[in-house]
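In terms of mature numbering (1 follows the signal peptide of the UniProt record, and there is no 0), the sequence shown is residues -17 to -1, 1 to 144. Notes to accompany the following structure.
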Amino acid sequence: MRTFLTLSCCVAVLVVAGCDSVSSFPSRVQERFEAPQPQLRLYSAEQKPVFEAAQRAMKRIDFVVSRAGAATGIIKAHSPLRSTTSFGKARQYAFEVHVQTMGPGETQVSAVLREQEESESFAGATDIPLRQHGLYDSFFAALGQELGESGREPGMPATAK
């Protein structure tokens, strides 16, 4: 009887202890499968020069442009494959950049960074969009250097020249 009571108490404690993590479970799952939110910047320039500068900026941060379509304004680029300390595991980052005209002399650049990891033990690759990463700052800084101006976030006023 005493063993049954002890076991019942342990089960009750485990059930109650898991309540906090269970309540956030649906939001974590939803966050994992919803479309990634891109990082955005606006530039006071036409679409074509911004598109060309974005390709050069990718090269500056050591990414290889794998696909670029000026008509669609889409650039896809990836970092070199980096092996990790574990045997049979490799990591790579991939950017997808959209360059769109927002108005006369104004272009928006949106970027999504993904981390792609493959391991022998997992038997597959992961493709995780990253919301925050230093590579976003590196890309937009390189793009600003190529254009000779810093981009601004949407909603921020344009600075006078």
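Here a beta-carbon is modelled for each residue, glycine too, at the ideal position from N, C-alpha and C.
Compute the Euclidean distance between the alpha carbons of residue i and residue j, then round it to the nearest angstrom.
i, j, result
"Gln99", "Ala77", "7 Å"
"Ala143", "Ser93", "Note that Ala143 scores a pLDDT of 48, beneath 50, so its modelled location is shaky and nothing firm can be said."
"Glu89", "Met41", "21 Å"
"Lys31", "Ala53", "7 Å"
Would you list the one or two residues that DSSP bridges to residue i?
i, result
"Leu113", "Leu96"
"Val33", "According to DSSP, which records beta bridges pairwise, Val33 is partnered with nothing at all."
"Leu64", "DSSP, once it has assigned bridges, lists no residue as partnering Leu64."
"Ala51", "Ile58"
Using a Cβ-Cβ cutoff of less than 8 Å, which residues in the same chain neighbour residue i once the five nearest sequence positions on both sides are dropped?
i, result
"Ala132", "Per the sequence shown, residue 132 should be read as Glu rather than Ala. Cβ within range, chain order: Tyr26, Ser27 and Ala28."
Does the beta-carbon of residue i have 16 or more other beta-carbons within 10 angstroms, so that it is buried, or is it exposed?
i, result
"Val47", "exposed"
"Gly117", "exposed"
"Gln115", "exposed"
"Ala125", "buried"
"Gly138", "exposed"
"Gly134", "buried"
One question on the structure: do residue i and residue j come within less than 7 Å of each other, judged by their Cβ atoms?
i, j, result
"Val82", "Ala37", "yes"
"Pro19", "Pro112", "yes"
Can you give me the Cβ contacts of residue i inside the same chain, cut-off strictly under 7 Å, excluding the 5 residues immediately before and after it?
i, result
"Glu129", "Ala36, Arg39 and Ala40"
Using 7 Å as the limit for Cβ to Cβ distance, is residue i near chain D?
i, result
"Met(-17)", "In summary, chain D is missing from the structure at hand, where a single protein chain is found."
For residue i, which residues of its own chain have a beta-carbon under 6 Å away from its beta-carbon, when the five flanking residues on both sides are left out?
i, result
"Arg43", "Ala125"
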